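Remarks on the structure that follows.
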Amino acid sequence: MFARINYSHSLIDEELTQLRKKYKLISSGILLILMSTFLLSYYGEVLTHPNQYSFSPKGDGIKNYFVFIAAIKSQDPSLEIEYMNYPYGEGLLFVDAHPALALVLASLSKPFPNLHEYGVGILNFLMIFSLLITAFILKGIFGILKVQPWLSILGAFAITLLNAQIFRMHGHFALAYGFFVPSIIYGILQIEIKGKGRFWYLYLSFLAVLYFFTHAYAGLISSVLIIIYSGIKLLSQLKDKRNLLASVYLALSGIAPVGIFYSIAKAFDKHTGRTSNPWGLFEYHADLETVFLPILGPFNPLKGKWFGPIHQTEEGWAYVGVMTIIGLLFLICRSAWYSLKNKTLSFDRFLIQDKPIRILLLTSIFVLMLSMLIPIRFGLEVIVDWFPIIKQFRSIGRFAVVFYFGSTITIIVIANDLFTYLEEKKQLLIAYFLLLFVPGLMYAESIALHEDMSHNITRSKNLFQLENNSPSFQNSIVELSDKDFQAVLILPFFCQGSENFGVIGDEQTLQLGFLSSYYLDLPLIGNASARSSIWESKNMMQLLSSGFYKKSIINEFSDSLPILVAARKIELHPNEKEIVRRSSLIYDGDDFAFYEISKEELFSETNSEEINRFQDQRDELIEKDGFLVSDTTKHFQFNDFGNPFPIDFENNSNSAISKQKQYFNLLTIEPNTLEKGNYIARFWMYNNGENYGQNQLTGIVFLQKSFEGKLNWVSITDPKESFEINGNWSLVEVPINYDQTDAKYSLVYIGDTKSEKEVYFKDFLFYDAGLEIYKIYSSKDKQFLFKNNHRVQF
45 MFARINYSHS LIDEELTQLR KKYKLISSGI LLILMSTFLL SYYGEVLTHP
95 NQYSFSPKGD GIKNYFVFIA AIKSQDPSLE IEYMNYPYGE GLLFVDAHPA
145 LALVLASLSK PFPNLHEYGV GILNFLMIFS LLITAFILKG IFGILKVQPW
195 LSILGAFAIT LLNAQIFRMH GHFALAYGFF VPSIIYGILQ IEIKGKGRFW
245 YLYLSFLAVL YFFTHAYAGL ISSVLIIIYS GIKLLSQLKD KRNLLASVYL
295 ALSGIAPVGI FYSIAKAFDK HTGRTSNPWG LFEYHADLET VFLPILGPFN
345 PLKGKWFGPI HQTEEGWAYV GVMTIIGLLF LICRSAWYSL KNKTLSFDRF
395 LIQDKPIRIL LLTSIFVLML SMLIPIRFGL EVIVDWFPII KQFRSIGRFA
445 VVFYFGSTIT IIVIANDLFT YLEEKKQLLI AYFLLLFVPG LMYAESIALH
495 EDMSHNITRS KNLFQLENNS PSFQNSIVEL SDKDFQAVLI LPFFCQGSEN
545 FGVIGDEQTL QLGFLSSYYL DLPLIGNASA RSSIWESKNM MQLLSSGFYK
595 KSIINEFSDS LPILVAARKI ELHPNEKEIV RRSSLIYDGD DFAFYEISKE
645 ELFSETNSEE INRFQDQRDE LIEKDGFLVS DTTKHFQFND FGNPFPIDFE
695 NNSNSAISKQ KQYFNLLTIE PNTLEKGNYI ARFWMYNNGE NYGQNQLTGI
745 VFLQKSFEGK LNWVSITDPK ESFEINGNWS LVEVPINYDQ TDAKYSLVYI
795 GDTKSEKEVY FKDFLFYDAG LEIYKIYSSK DKQFLFKNNH RVQF
């Protein structure tokens with residue numbers, strides 16, 4: 045009889061198992077239909093022709109396409125990319141190139157040499173397809189939490205589509221994958237609710253490492269989520285030794301990937317002097333408005349009416365939706381009542397019955413505070429110096445995505461608990477209304493996001509397919525493809541990443557640079573990476589210094605092959621024009637031209653030319669205030685800050701005035717003291733010091749005009765953009781159009797008020813733009829010609 049009963053039970057268990065599998069299969073099919081229908085409706089053109097479009101043909105977008113396909117094209121599965129920052133190259137982990145995927149495809153490109161031609165399409169397809177993956181992972185999470193099947197399907201569908209990470213498809217492609225946070229939550233819940241162990245700890249570590257090698261932020265966000273969750277769990281179960289050990293294992297599964305990534309990054313990075321203090325930490329954080337106010341959608345017009353003009357920092361976009369806000373307010377009120385009733389601070393156990401979800405919500409709140417730099421930015425900035433790793437992740441607002449998923453998942457769980465309660469109370473109409481309304485409102489808010497995104501990502505053709513470029517550019521590539529060059533130099537020049545030396549390229553300049561490099565298979569003299577080497581960037585900028593300054597980079601170039609110069613037909617910097625003048629035209633395009641220049645010509649010294657020119661006109665110059673000038677009627681003033689010649693420009697900052705990095709007035713022009721006209725201010729700033737001069741040039745020079753009590757900024761000059769680098773000093777130039785004589789003008793340097801580092805100025809010259817000013821002096825047995833504050837060695 046007992047055997048018979050056991051047999052019957054086993055049959056029932058087997059039938060239940062089969063029934064669950066059937067329901068799971070059916071619900072998965074329904075979600076697949078919903079997601080497929082939506083994706084084909086909005087992104088069908090991209091999914092069927094992924095290689096035809098460029099989601100973002102400018103800025104980070106075209107750069108991230110370029111480094112990804114260039115890494116594949118190289119057929120070299122290494123953590124170094126030679127297509128950028130010539131002659132030094134750059135680390136693959138610093139260029140946002142999907143390192144893990146790029147390395148795999150680079151290995152496959154040997155048997156499939158044309159694989160790189162589909163690189164843009166691969167990324168485009170993966171970004172859209174990731175929405176489907178996200179939805180199924182969310183459904184898996186709701187399955188673990190035993191959420192009602194229909195609510196599980198609709199909740200996963202709505203949360204996936206409302207996720208603001210989709211806007212990363214405008215340029216930060218490796219962060220556009222919405223599934224990386226849910227996949228970590230899924231692993232945590234497997235351990236916490238299903239009681240599974242070793243495999244899922246390894247699963248979490250493996251995923252975090254994989255995400256690190258997709259994008260460093262994705263990896264760190266994943267690790268931080270695991271570590272904070274385990275920390276909260278640990279504090280809540282200090283007396284339970286068994287769970288204490290489980291919390292430690294969980295924490296280690298988050299800590300280990302950080303150590304693995306940093307060890308590999310350090311071991312394989314051959315570049316020294318990367319900036320350790322990148323700018324933006326106190327600017328690129330999340331705020332209440334980036335999380336709780338809409339970006340687009342039906343409620344967006346109310347934002348302006350209720351709150352006025354609001355700036356929502358894009359890095360902090362993680363809008364949770366009106367339904368989540370209502371749910372959280374309801375939870376806060378219920379939890380306050382629950383806490384007062386039970387005399388203990390806690391979430392309402394009726395609304396959130398599963399402890400792991402309570403810990404998850406609390407974790408997401410702590411991560412949200414981190415993304416908002418709370419409390420650091422409210423008088424506790426010193427914490428950043430205690431934990432310098434925070435500085436490396438300056439776009440801290442990106443961490444708010446954890447709160448998006450933590451809060452929206454919680455709201456679906458609350459809705460499920462309410463649904464169950466109402467169903468038990470036989471209030472079916474309200475129960476099923478709730479089941480549809482909660483995810484329905486989320487979905488309604490998401491539609492505008494995808495209408496906007498689906499339109500924007502199909503506006504531009506894939507420029508890495510030659511036929512999608514202008515006929516003029518196509519012809520240039522055909523004509524130049526059989527010529528040999530060592531590298532390509534783009535004018536206007538761009539070199540961005542070190543934040544200490546560099547200039548930023550505009551959309552057309554970046555396109556010309558990356559496309560020329562890709563099609564002609566040439567490394568690019570220029571850079572657009574994150575935290576690039578300071579001294580490498582200095583040498584790159586010095587390449588465009590005047591010909592009478594020594595260039596440290598000269599020995600890094602080959603003597604045998606010429607350099608290709610690609611110049612746009614726009615106004616160039618005088619030093620860039622000089623390079624074009626010394627080059628030979630080889631292709632004249634519609635809005636660009638290609639030239640070639642030998643290494644000898646590129647680095648030719650012009651000292652003799654300048655000195656001979658001075659000697660030819662010396663008899664015509666007139667002495668004034670210790671200088672020789674071309675016209676005594678024109679104004680000039682010189683300030684050596686009490687440190688007269690001679691000055692050592694090569695080795696140190698001695699004999700220069702030093703000021704802390706804050707407000708410093710360089711020049712004041714009182715009303716009615718000068719004639720109208722164009723003037724120039726030039727002064728030297730020290731560019732060396734700790735870590736190759738980090739933060740020495742990171743201030744800003746403002747030209748201010750004060751009239752009738754109103755102060756206006758006329759122009760802004762960034763010292764780090766100066767090409768004129770003479771050893772350890774950079775010459776900063778500010779053009780001044782003095783067009784209102786009854787106004788007061790001031791030239792002001794403003795540095796980082798949070799920094800204690802000093803900057804050094806020397807030899808300030810303010811003069812009429814039509815005036816030439818000379819002086820001959822000696823320093824350490826060397827003779828120099830002073831020309832409008834330049835130094836030309838005899």
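Counting in my numbering, the sequence shown runs from 45 upward without gaps. Using N, Cα and C, we set each Cβ at its ideal position, and we do this for glycine too. From a predicted model like this one, the values you see are computed outputs, not experimental measurements.
In whole angstroms, give me the CA-to-CA distance for residue i and residue j.
{"i": "D429", "j": "T712", "result": "36 angstroms"}
{"i": "V482", "j": "F374", "result": "13 angstroms"}
{"i": "Y818", "j": "V758", "result": "29 angstroms"}
{"i": "L346", "j": "S498", "result": "24 angstroms"}
{"i": "N781", "j": "S320", "result": "37 angstroms"}
{"i": "E645", "j": "F636", "result": "21 angstroms"}
{"i": "K788", "j": "N756", "result": "11 angstroms"}
{"i": "A260", "j": "D140", "result": "9 angstroms"}
{"i": "Q827", "j": "S652", "result": "13 angstroms"}
{"i": "F517", "j": "V778", "result": "36 angstroms"}
{"i": "I440", "j": "S415", "result": "5 angstroms"}
{"i": "M171", "j": "G215", "result": "11 angstroms"}
{"i": "I271", "j": "Q281", "result": "15 angstroms"}
{"i": "T316", "j": "T452", "result": "43 angstroms"}
{"i": "E649", "j": "W773", "result": "19 angstroms"}
{"i": "P301", "j": "A252", "result": "6 angstroms"}
{"i": "G341", "j": "E126", "result": "43 angstroms"}
{"i": "N512", "j": "E89", "result": "17 angstroms"}
{"i": "T761", "j": "T553", "result": "21 angstroms"}
{"i": "K399", "j": "L159", "result": "48 angstroms"}
{"i": "P338", "j": "G352", "result": "13 angstroms"}
My output table needs one value for residue i: the three-state DSSP class, helix, strand or coil.
{"i": "Q119", "result": "coil"}
{"i": "D807", "result": "strand"}
{"i": "P779", "result": "strand"}
{"i": "G135", "result": "strand"}
{"i": "L511", "result": "At residue 511 the sequence reads Glu, which differs from the Leu that was named. Helix."}
{"i": "H160", "result": "helix"}
{"i": "Y97", "result": "strand"}
{"i": "S697", "result": "Caution applies to S697, whose pLDDT of 49 falls short of 50 and renders its modelled position unreliable; the value that the coordinates give is listed next. S697: coil per DSSP, three-state reduction."}
{"i": "Y723", "result": "strand"}
{"i": "L616", "result": "coil"}
{"i": "Y736", "result": "helix"}
{"i": "I418", "result": "coil"}
{"i": "K349", "result": "helix"}
Buried or exposed, going by whether 16 or more other CB atoms sit within 10 Å of the CB of residue i?
{"i": "W244", "result": "buried"}
{"i": "F830", "result": "buried"}
{"i": "N695", "result": "Since pLDDT at N695 reaches only 48, below the 50 mark, its modelled position is unreliable, and no value is offered."}
{"i": "R662", "result": "exposed"}
{"i": "N770", "result": "buried"}
{"i": "I355", "result": "Ile is not the amino acid found at residue 355; the sequence shown has His there. Looking at its Cβ environment, which holds fewer than 16 other Cβ atoms inside 10 Å, H355 is exposed."}
{"i": "A330", "result": "buried"}
{"i": "F217", "result": "buried"}
{"i": "F680", "result": "buried"}
{"i": "Q784", "result": "exposed"}
{"i": "S697", "result": "Low confidence applies here, because S697 scores a pLDDT of 49, under 50, leaving its location unreliable and the question unanswered by this model."}
Out of the options, which has the shortest C-alpha to C-alpha gap to residue i?
{"i": "P567", "options": "L288, A115, K68", "result": "A115"}
{"i": "P94", "options": "D120, N168, L815, V111", "result": "N168"}
{"i": "V873", "options": "I534, K310, G241, S525", "result": "A query on residue 873 cannot be resolved here, the shown segment of the chain reaching from 45 to 838 and no further."}
{"i": "M213", "options": "V836, L605, L493, S823", "result": "L493"}
{"i": "F810", "options": "R626, V268, V776", "result": "V776"}
{"i": "F685", "options": "Y804, F256, I304", "result": "Y804"}
Kindly list the residues whose CB is nearer than 7 angstroms to the CB of residue i, restricted to its own chain and excluding five residues on each side of it in sequence; keep chain order.
{"i": "K764", "result": "N544, F545, G546, L741, T742"}
{"i": "G371", "result": "I455, I458"}
{"i": "N709", "result": "S790, V792"}
{"i": "D603", "result": "K643"}
{"i": "S297", "result": "Y245, L248, S249, I270"}
{"i": "Y67", "result": "P193"}
Give me, in chain order, the residues of the same chain whose beta-carbon lies closer than 6 angstroms to that of residue i; leave out the 5 immediate sequence neighbours on both sides.
{"i": "I203", "result": "L182, T452"}
{"i": "R318", "result": "R575, S577"}
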